[in-house]
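Residue numbers for the sequence shown follow the numbering used here, so the first one is -2 and each next one is one higher.
Note that the Cβ used here is the ideal one computed from N, Cα and C, for glycine as well.
Please read the structure below before turning to the comments.
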Amino acid sequence: MASDTAAEITNSAYRPARPRVRVGPWAISWLEVSPLAIILVVLFAAPTVLFFVISFFDYDRVGIYPAFLWDNYRELLTTPATWRIYVSSLRFAVIVWAITLFVGFNIAHFLVFHIRSSTTRMVLFMLCAVPFWTSAIIRTIAWIPFLGRNGAFNTMLIDLHIVHQPLEFLLFSDFAVVITYVHLYTLLMIGPIANSLSKIDKSLLEAARDAGASRWQIMRNIIIPLGRTGITLGSILVFTQVMGDYFVVKRMSGGQSASIVSALSTEIQAMQYPPASASAVVLVLFVAFLVAGMMRIVDVRKELVS
């Protein structure tokens, strides 16, 4: 028994080791990103390809029929109503972007450069985020009793003898749409800008002051260039949210204004799926070109990596 055991040990000592399977760095990288890639393919890429294919189909009141027709795009792009809707949505996006950029940048600048305590800064930032704890629909509807003809704001103005009769333009107008958008999306501008400004070395600002630079020169030559990544990210978030929204325009304008998504929703309710798919494709391309234009100004990926 002892000799057999010794022989087995001797044989195992001379037995060649099994080769280990080595996985290359590229394979490890693909394994790491595969869960997110699968989610993106299933929830984004596949539906996008599906409505892109359906956008070329033919349809009638009975159903849709596989085909390869340009009629849906031709009717969409040659209809004056389509251009008016796109101009209206883009106008809202530009106005809301300008206001949220001004308000968001000033709030972020105040939080980063004027609040010394990190605890106080975090508390103030959380106060800005309090409205996001409720649904966007609830926050939108909450403006109706506030801006209404007999709402809280008109009542306050009349009680203070600022106006003698209620202001009619406050609700169910473009003004109400813009105010609601600003309320909903300003935080999307504050967050990225505050993150970029917090990375600026404070000694750089002190050196500029010691060199005799004014506040405007520091803002123009140091703070804004170094905070451009946050400005770009916030702009992308605000633009995409406004261009992809229809509830605010529908509710706060009282049906007087239209958006791209509201027109698309109307086509879906009428079961006109090929034209709706064509509208979705055009909207995706339109927003993609807007985002690409912003990305050309600032290479966000390079800025984030560095």
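For residue i, the residue or residues it bridges with in DSSP
i, result
"residue 55", "62"
Cα-Cα separation, residue i to residue j
i, j, result
"residue 237", "residue 145", "28 Å"
"residue 108", "residue 227", "15 Å"
"residue 46", "residue 38", "10 Å"
"residue 111", "residue 124", "17 Å"
"residue 253", "residue 178", "16 Å"
"residue 191", "residue 214", "20 Å"
"residue 184", "residue 61", "42 Å"
"residue 199", "residue 220", "10 Å"
"residue 312", "residue 271", "Outside the shown range of the chain (-2 to 303) lies residue 312, about which nothing can therefore be said."
"residue 94", "residue 100", "10 Å"
"residue 265", "residue 246", "18 Å"
"residue 80", "residue 267", "21 Å"
Where residue i sits in the DSSP three-state scheme
i, result
"residue 162", "coil"
"residue 238", "helix"
"residue 284", "helix"
"residue 131", "coil"
"residue 118", "helix"
"residue 188", "helix"
"residue 123", "helix"
"residue 111", "coil"
"residue 146", "coil"
"residue 295", "coil"
"residue 49", "helix"
Cβ neighbours of residue i in the same chain (closer than 6 Å, five flanking residues each side left out)
i, result
"residue 280", "257"
"residue 288", "233"
"residue 197", "223"
"residue 249", "173, 174 and 177"
Sequence-distant residues of its chain with Cβ nearer than 7 Å to residue i (five each side left out)
i, result
"residue 66", "53 and 55"
"residue 275", "52, 69, 70 and 73"
"residue 160", "154"
Same chain only: Cβ atoms within 8 Å of residue i, ignoring 5 sequence neighbours per side
i, result
"residue 175", "89, 92, 93 and 96"
Task: 4-residue-minimum alpha helix (DSSP H) runs that sit fully inside the segment 210 to 263, ordered along the chain - done: 212 to 215, 225 to 240 and 244 to 249
Task: Unbroken stretches of the beta strand (DSSP E), 3 residues or longer, contained in the segment 18 to 46 - done: none
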